[in-house]
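J.: Position 72 of the sequence shown, counted from 1, bears residue number 138 in the numbering used here, the numbering being contiguous throughout.
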Amino acid sequence: KVATAVELRFNIRAASLPQDVKQRLIALAGSRITQGDVLLIDSRAHRTQLQNREAARERLVALIRLALVKPRVRRATKPTAAAREQRLTGKKKRGTIKALRGRTRGGDE
67 KVATAVELRF
77 NIRAASLPQD
87 VKQRLIALAG
97 SRITQGDVLL
107 IDSRAHRTQL
117 QNREAARERL
127 VALIRLALVK
137 PRVRRATKPT
147 AAAREQRLTG
157 KKKRGTIKAL
167 RGRTRGGDE
């Protein structure tokens with residue numbers, strides 16, 4: 067049997083990428099990063115080494131493209147007045163239902 071697996075090594079520190087992109091790339095790569103900020107990508111899905119090389123390169127390019135996208139800044143929003151009112155009426159209704167479950171005072175018991 068022939069060994070066709072490929073291991074691609076990409077040094078993130080030496081790459082000519084902006085610093086914020088490098089940070090996002092490190093975060094996206096997760097456990098595929100070594101101590102020296104080297105990204106390891108394995109490929110053994112194909113029967114030929116050439117196809118595995120291409121697959122590894124494509125995965126690296128896809129990862130870098132993901133890192134290039136800046137995450138949107140989340141703006142905190144407040145619930146609308148109608149939503150607050152709806153929530154409070156629901157709570158009050160649920161409370162009255164629960165209050166009615168208790169024993170009644172007086173009665174024939």
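Yeah, the Cβ is synthetic: ideal placement off N, Cα and C, and Gly gets one too.
Owing to the predicted nature of the structure, the values given are computational and were not obtained by experimental measurement.
(1) L106 and I130 - do their beta-carbons sit closer together than 8 angstroms?
(2) Compute the distance between the beta-carbons of R123 and L154, then report whether it is under 8 angstroms.
(3) Can you tell me where the alpha helix (DSSP H) holding V127 begins and where it ends?
(4) Using the beta-carbon count (16 or more within 10 Å), is N77 buried or exposed?
(5) Pick out whichever of K88, G161 and V68 has its Cα sitting closest to the Cα of K136.
(6) Do V68 and N118 have their C-beta atoms closer together than 8 angstroms?
(7) Hey, quick one: how far does the beta strand (DSSP E) through R75 stretch, first residue to last?
T.: Reading from the atomic positions:
(1) no
(2) With a cutoff of 8 angstroms on beta-carbon distance, R123 and L154 are scored as not near each other.
(3) Residues Q115 to L134.
(4) exposed
(5) K88
(6) no
(7) Where R75 is concerned, the enclosing beta strand (DSSP E) stretches over V72 to N77.
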